[in-house]
Every structure is written in structure tokens, then in C-alpha cells.
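Worksheet for the structure shown next.
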Amino acid sequence: MGRRVCLASGLLLTAAFAVYRVSGVLPHGPMDKAVQLLLLFPAAVLLGAWAAGKLSFDLAGALLRRISEVPSWRFIGALMCVLAVFSVWMAYGPFQGIPKGGDEVAYFFQSKIYAAGEMSAPAPEVRDPSAHFPFRHFVFDQGRWFIVYTPFHSLLMAPFTAAGAAPLLGPLEGLLSFLGIYLLIRLWAGELMARVSALLLLFSPFFLFMTTTFMAHNTNLMLVTWSLYLISRRVKGGGPWFSLGGGLLMGLAFTTKPYPILVWLVFVPLAVITGCRKRWFSILAPAALAAAVPFALFLAANHYYTGSPFKAGYDMVRGGKLIGFGPDKAWFPEYGDYAHTPLRGLMNLARQAGVGSTILFGWPFLSLVPMLLSVRALRRDRRVLWLYIPVGLIMVLMWLHYCPAIDYGPRHYYTFLPVIILLSVLGLREALAIARERKGTGGRNLVTVTVLGLFLVNLLVYVPEGIQLRSGPWQTIDRIPEDLARSRIVEPAVVFMQAGQHGYPNICSGLNFDSPFLDGPVVYCAHQTTGEDIEFMETFSGRNPYLYWFDGGSFRLEEWTPELSDEIAPTRSMEYQTYLRQPDPEGTLQ
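Mapping the sequence shown onto our numbering, position 65 (from 1) lands on 497, and the numbers just tick up by one.
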């Protein structure tokens, strides 16, 4: 009787969620995830209780035995094939083969410069280049044009860009990171833990969706993972070449995205000195020597771009802000002004935890529960504490950072996926142990089926929603200007877009298709005043001019005339729609 009640109740809650989803009462967001928590989690538990009651064997044990029986190369190879197919499809399908976020657009733009064999592009010879290319990641300085970010990610992307395959860099880095995390965890925790970790990583929307982007976090995860693996091999008795390789990769990671690497530069020496005692110098010295090479190149790049080896492009635009508390530490008014306070830092951490508790495994507000349960493993193995140290350090750094940075998930934590995934596996093991202590095999089966049910929620609800969200103008960027231009313009052309860097339409939808040297068949830039448009046309003469704008119902692309230019407001004066109002394939807003 009890099992029937569980089955009926679980099905009823599932049906209630289906009705809620079809009704469209709430948009996707925190409230929607709260409804999922209230309906789908109890449904998973109730259906798990029903299924567990019908099982006469240990389901978790059976699954783990089955996982262990597959040869290593076949197991990891099959998972990597699945990852490759999904990530390539995602990159060219929903993401349309273009960068969909501002940071991505900047990295892609700089990669075009490097692909041409240059360090920077010549700035447009107009009075105010930033008026025509209003993008916060651009730097126009001393006749040069480049981006604010550190160089290595764009440099790594350059050969892919030159080959017309830039969207493949992220998926390739994802595959290498996936393999590296498997090998790293196997080295320290054994084959079975590594296989379960690989499965969790494959089903992590945080990982799946990030690998399909142009973001530098993919490069950082790949470099850090393999650096940790090589240094670990040295710790385990390998030769000095492992230290050299690990140090080189960590140095390259620093030249890619320095923030998270500061944590690893503290954690790795601390762990090696504590764990290896007399051997620590022979391990760390070669690593430091190798890391000095990319660091020296990083200083040289800083000197080229800013005139000082100790000043990065960030500082030219953002004035050394972003970290710390004060009235001017916020580069973007996240909370309405430019101040950053300890309270706002705590609010950012709470927002990061809220997003992470869903996107990590697609479980509504529950994805971090296994990681928290891993604390119980400290009773048997004090080494588990070491896994919490890098996570704690990055949380301190993010407390000091003005921005929650959660539009791709809590992206500054992405580099720490190796320890987050391992802690999650340890936590699931502890959950099974607790269930066995209290309810025996039936309790283990309840936990196992519930977890499988939550992953089913991930696959049937969260991942499809994530794909839908990222289709079209995710973060306000799409291909509509290019698609319209193909059928309506005569090349060579210049398209003046009524589009800025915030909101929708977005100037990045045109910048994605610009050559940094403005020598392509079409140049996309911002429409300002008629006089400014004419100045640009005179500077880049011989191009047919057009205007692109949104008229309230559809996107328009017409030949430029002074009268039409006067009618269309300058980009700098516009208030834009948000990307939540997305266009349909015909270019009209829904």
C-alpha cells in the first residue's frame, strides 16, 4: 500500500509540473527553479521510494560493478565521443558558430589580429573611434586597436580563426580538460572514483555549456588541469620533466586569466611543501623556472600594450579597480552605483552559490548538496580538507570582486571543477553510507534512484531549457545583421548599426563579422549623428553605406541617406530592449 501511495504521489507531482510548465506561468529563473524544487525533488524521492521497494539487490553496487567492467580506454573514449558530438553541435547549432557574450566577442576579435600576424590593429583614423565601435573591451591607444584582456587565449584561438574553425577551440579544450580531470582523479583517488567523476562531469550543464563557448575559462581549465596532473606525477615519483611541464602550463594559465590562477599559485606550493617535505624544492624549482618563461612573455606583452610590464590592458580601461572595497571599485554599476562593500561581496557569494547549486548538475538548488556532504569524509581521510582549500580561497577572492559574474554560471569557479567534481563524488559516497547505516540496502537504493531521478530532471528539463535559452540572441548577440546583409547589400559596404554594447540590438552582432583591419567586404559600426557617419564614410571611401535598426517590430537594413540618418537616433542616445525579448527567425521581436 505504501509503495502505491509513493508511486501515485510521485506521478501526481510530475504531472503537476508538466501542467505548470505548459501553462508558462513563470519565466525561467530563480522562481521557476523554486517550483522545480517543490515539485520535482519530492517526485524523485517518492518515485525513488517506490522503485527502491521493488529492488532486492544493491543498485548502486551493481551500477558501480558494471562501470568497472568496461576497459578504461573504451569507457573514457565513449564518454569523450558523446561530449564531442554535443559540444560541436551546440557550438554550431544553438550558438550559431559565433561568440554570444561580450567577453567572447573580444577574444575572437583579438584572435583575428593575431591570425594576421600582428599584435594590434591600426585604430580607425576618425576623431573618436570609440563612437563608431562602442565596446567596453576595446582599447584605442596611440593609433593601435586591441582588447583589454590578457593575450594567451586569443593567441591560442588564432590558428583556429585563420582556418575558419574558431568555434571548435572550446569543444577541443573541453575534451582535453575532460581527459585530464579523469587522469588527475585516477592518480589520486583510483580508477572507480575517476570514472564516476567523469560521468558527473559529462552530465554537468556548467561544463557542457561552457565548453561550447569562446570563453577563456575553457583554456584556463585545460591548462590548470594538465598542470596539476603533471605536477602530481612528479610528486608521485616522476622525473623533473613533469615539474617543468606543469610549471609551464600554470604560467600559460596565468597569461590567460590571472584571477583564478592566483589561488593555484598559493595552493600548489602549499600542498607540495606540506606533503613532500624534503623533496619540495626539487619539485617546485623546475616548475617555477618553466612558469617564468610565459610570465616573462606576459610582462613583455604588457609593455607593448600599455608601456609598462606591470600594467595590463585591464588597467588602461578599468583603472586598477574590480578588487577590494571602496566607492569606485565596481567597473559596472551592478547595484546601482560604483561602490563595492563587504555586504555586497557576501551578496555576490550568495548569488554564485544559488546559480551554482542548480547549474552544476541541473538539480534545482540541490547540486551543491553532495559537495557539502563530503565534509563527512574528513572523519576517515583528513586529506579531503585539502580539496576545500582552493574553493575557499577563490570564494575569498570573489568576495573582494565587485561582480557576481553568473551569466555563464559562476564562471570564476570553472577552473576549480576538478576539486568540485571530486568532492561531489565523495559526497555521494557519503550519502550512500549514511543511507546504509540507517536503512540498509533499501536506503542505499532510495538514494541511488533519487539521484538518478535528479539526473533525469537535468536531462529532460534543465539541459533542454539551457539549450533553448542559448539559442538565438543569448546575451543579446545574434546573426541577424549578417543574415540581412547577405541578401540586401552591394559589397564593399559599411553598415551603420543603431546598436550599442548593452541591451538589444547589440553592436557585437556586427563586430563578430568585422575584420579588425576594416578591410573585409562589409564593415559594421555604430550609427551616431549624420556628420559622424559621413566622416567615417569619407575615411573609408568606396563603400556603399547602409543603415541597420530595429523599428519596434522588425529589423531594417536600407541604403544610407542623410534624411534617413537624421530620422534614426544616434546609438549613444538609445535605450535598448533587453535580450529577454528575443527575435524570431524572421527578425521580429516576440
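Ideal Cβ positions, reconstructed from N, Cα and C, are used throughout, including at glycine. As the structure is a computational prediction, the values presented were derived from the model and not from experiment.
From residue i to residue j, what distance separates their C-alpha atoms?
i     : j    : result
R918  : I966 : 23 Å
L469  : Y840 : 21 Å
G875  : S806 : 18 Å
V828  : R811 : 26 Å
S562  : R453 : 44 Å
F638  : W795 : 12 Å
A555  : G935 : 25 Å
T1020 : R920 : Residue placement at T1020 is flagged as unreliable, the pLDDT there being 44, under the threshold of 50; the coordinate-derived value follows with that caveat. Rounded to the nearest angstrom, the two C-alpha atoms are 17 Å apart.
P836  : G768 : 14 Å
A723  : A732 : 15 Å
S675  : L662 : 7 Å
S799  : Y980 : 44 Å
E999  : V656 : 52 Å
A450  : L860 : 28 Å
T1003 : G745 : 26 Å
F764  : Y770 : 7 Å
L458  : M551 : 48 Å
A523  : T643 : 9 Å
I821  : G529 : 37 Å
I715  : S659 : 13 Å
V801  : G786 : 12 Å
P701  : L855 : 21 Å
L632  : P503 : 19 Å
L515  : L640 : 8 Å
M654  : T961 : 46 Å
Figure out for me which residue from the options has the closest Cα to the Cα of residue i.
i     : options                   : result
L729  : Y770, E536 and P583       : P583
F635  : T908, I853, E970 and P924 : I853
L888  : G480, R783 and A492       : G480
L471  : N650, V955, L916 and G885 : G885
D535  : F968, M779, L943 and F987 : L943
V823  : A516, W696 and R576       : W696
G904  : V725, P531, M830 and T687 : P531
Y614  : L950, M551, V857 and A762 : V857
V1024 : G669, M589 and T688       : Past the edges of the chain, shown from 433 to 1022, lies residue 1024, and the structure says nothing about it.
S664  : V571, L653 and A621       : A621
L792  : G533, R843 and A516       : R843
G606  : Y846, G596 and L832       : Y846
I545  : F565, S586 and G509       : S586
L491  : I912, L817 and A867       : A867
T971  : H569, K871 and D560       : D560
L478  : G974, E990 and N877       : N877
R808  : K761, L864, S441 and P977 : L864
Who does residue i pair with in a DSSP beta bridge?
i    : result
V926 : V955 and P977
A516 : A516 is not bridged to any residue.
A553 : W577
V883 : None; V883 has no bridge partner.
V571 : F578
D839 : G841
G758 : H772
R988 : W981
N938 : G932
H833 : I755
Using the beta-carbon count (16 or more within 10 Å), is residue i buried or exposed?
i    : result
V922 : exposed
S519 : buried
P937 : buried
C513 : exposed
T446 : buried
I755 : exposed
H735 : exposed
T993 : exposed
G575 : exposed
G612 : buried
V883 : buried
F968 : buried
E964 : buried
P977 : buried
Please say whether residue j and residue i have beta carbons closer to each other than 8 Å?
i    : j    : result
G671 : A719 : no
A538 : I579 : yes
I617 : S609 : no
I899 : C940 : no
W482 : L439 : yes
Q933 : F567 : yes
L892 : F987 : no
P726 : T773 : no
A414 : N652 : Coverage of the chain is limited to positions 433 through 1022, which leaves residue 414 absent and any answer about it impossible.
G485 : R435 : yes
Quick one: does the C-beta of residue i sit closer than 7 Å to a heavy atom of the ligand NAD?
i    : result
G872 : By its list of ligands, the structure shown contains no ligand whatsoever, and the ligand NAD lies outside what it can speak to.
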